[in-house]
Amino acid sequence: MFFITSHPLAASGSSDQSSGEGLTPPTDWEILLQDEFEDNRNDWDIGVSDKDRVRFKWQIIEGKYRWEAHPYDSFGFLSIPDHDPVEDFYLSVDIRKIAGPDYARYGIIFRTDGDSWYMLSIHDPGQYSLWRWHNGEYVALIWSRKTDAIHPGQVNHIELMAVGPEISIAINGQLVTGVNDDTAQQGWIGLYTHMSKAGEDAIFEFDNLVLRGPKSEDSPQDVQDSRDLEQRIADYQDDLTEYRRVGDKS
Numbered sequence: 003m004f005f006i007t008s009h010p011l012a013a014s015g016s017s018d019q020s021s022g023e024g025l026t027p028p029t030d031w032e033i034l035l036q037d038e039f040e041d042n043r044n045d046w047d048i049g050v051s052d053k054d055r056v057r058f059k060w061q062i063i064e065g066k067y068r069w070e071a072h073p074y075d076s077f078g079f080l081s082i083p084d085h086d087p088v089e090d091f092y093l094s095v096d097i098r099k100i101a102g103p104d105y106a107r108y109g110i111i112f113r114t115d116g117d118s119w120y121m122l123s124i125h126d127p128g129q130y131s132l133w134r135w136h137n138g139e140y141v142a143l144i145w146s147r148k149t150d151a152i153h154p155g156q157v158n159h160i161e162l163m164a165v166g167p168e169i170s171i172a173i174n175g176q177l178v179t180g181v182n183d184d185t186a187q188q189g190w191i192g193l194y195t196h197m198s199k200a201g202e203d204a205i206f207e208f209d210n211l212v213l214r215g216p217k218s219e220d221s222p223q224d225v226q227d228s229r230d231l232e233q234r235i236a237d238y239q240d241d242l243t244e245y246r247r248v249g250d251k252s
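Numbering (the numbering used here), first residue to last: 3 to 252.
Right, dumping it as structure tokens:
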């Protein structure tokens, strides 16, 4: 499932909690989803799609989930695997940009229910951003913050833990920030890329994804199923409004 759109930008703030430690989930949390991409057992997007803004090819190859993008315009793309929605969770994944411009962003979408979501992305100048979508607009909780934790051109190990409104982010074993935001409280997780203009092709790879959370009986129940989410994202795409980008110099 996916959406394709220009990416509006706005500014906001957060607190920096940089340290030399990664994230450790509670010991009683269980593995809810694990993927080393030996096959497509978790129902990721696979194949080729040629839309107005981008031509995309997705494949699982040599134990990696590879995305190849040929942009005609600015675009954002997400893929959500088959899993139950989560509230509190820990997510880790290895991500790498193999080819493409420095402004190409890639990362994680989480707590998405079709109406609200968060997006964590990195890009190769060594910067990361955290965005929130809600009520038809994007807000930057963290806007292109520089960190030496990111290794440009290499595999970057991303960890994200959300407990209630507290969102913590670690990159390559280094805790880089913590944010408090209670707008979106539960939903699905997925992978994400964004490029702000047409131009150079890009290739991204994802691997070793692990999602942990409270035991199943403690998971949220009062949410729509994933098929409903797919339709809501499709409806969002059909009704898409072009937004003026604010402050995006990438």
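Note that CB positions come from ideal geometry on N, CA and C, so glycine has one too.
Report the CB separation of L80 from L193 in whole angstroms; it is logged as a contact under 8 Å.
Right, the Cβ-Cβ distance comes to about 7 Å (below 8 Å), so this counts as a contact.
Do R113 and Q36 have their CB atoms nearer than 8 Å?
No. Outside cutoff.
Roughly how many angstroms lie between the CA atoms of L177 and S131, to the nearest whole one?
Taking the straight line from one Cα to the other gives about 14 Å.
Run through DSSP, which three-state label would L211 get?
DSSP places L211 in strand when its eight states are reduced to three.
Where do the N-terminal and C-terminal ends of the beta strand (DSSP E) with P73 fall, by residue?
Per DSSP, P73 belongs to the beta strand (DSSP E) from 66 to 73.
Given this structure, state the Cα-to-Cα distance separating H85 from N182, to the nearest angstrom.
Going by the C-alpha atoms only, they are around 25 Å apart.
Within this structure, are the beta carbons of A71 and A200 separated by less than 8 Å?
No, these two residues do not count as a Cβ contact at 8 Å.
Quick one: measure Cβ to Cβ for I97 and N158, integer angstroms, because I've assumed they're closer than 8 Å.
So it is a contact: roughly 6 Å between Cβ atoms.
Taking T185 as the reference, give the member of P167, H196, T195 with the closest Cα.
It is P167.
Specify, as a first and last residue, the run of the beta strand (DSSP E) that N158 falls within.
Where N158 is concerned, the enclosing beta strand (DSSP E) stretches over 158 to 165.
Check for me: the beta strand (DSSP E) holding S51 runs from which residue to which?
Here the beta strand (DSSP E) through S51 covers 49 to 52.
Using only the alpha-carbon positions, how far apart do P28 and I160 sit?
C-alpha separation (whole angstroms): 18 Å.
What would DSSP say about G189, mapped onto helix, strand or coil?
It is a strand residue.
For a quick check, are the C-beta atoms of Y105 and M197 less than 8 Å apart?
Contact flag set, yes.
In this structure, what does DSSP give as the bridge partners for H153?
Bridge partners of H153: none, in fact.
Whole-angstrom Cβ separation of Y92 and W31, contact assumed at under 8 Å?
Contact flag correct, Cβ pair sits at about 6 Å.
In or out: R43 buried (at least 16 other Cβ within 10 Å) or exposed?
Result: exposed.
Quick check on DSSP: helix, strand or coil for W60?
W60: strand per DSSP, three-state reduction.
Tell me whether E32 sits in a helix, a strand or coil according to DSSP, three-state version.
The answer is strand: DSSP assigns E32 an E or B state.
Pull the bridge partners of S170 from the DSSP assignment, please.
In DSSP, S170 forms a bridge with M163, G180.
When DSSP builds the beta bridges, which residues end up paired with Y92?
Beta-bridge pairing links Y92 to M163, R214.
Check whether the Cβ atoms of G175 and K148 lie closer than 8 Å to each other.
The answer is no: Cβ separation not under 8 Å.
Would you mind giving the Cβ-Cβ distance between W46 and P83, rounded to the nearest angstrom? I have them listed as a contact below 8 Å.
Yes, W46 and P83 are in contact; Cβ-Cβ is about 5 Å, under 8 Å.
Rank R55, I144, N210 by C-alpha distance to the C-alpha of Y74 and give the top, closest one.
Cα-wise, what sits closest to Y74 is R55.
Using a 10 Å radius around the Cβ and a threshold of 16 neighbouring Cβ atoms, would you call E23 buried or exposed?
Per the 10 Å Cβ criterion, exposed.
Could you check if G138 is buried or exposed, using at least 16 other CB atoms within 10 Å of its CB as the buried criterion?
Exposed.
Identify the residues that DSSP records as bridge partners of Y130: which are they?
DSSP, once it has assigned bridges, lists I124, R147 as partnering Y130.
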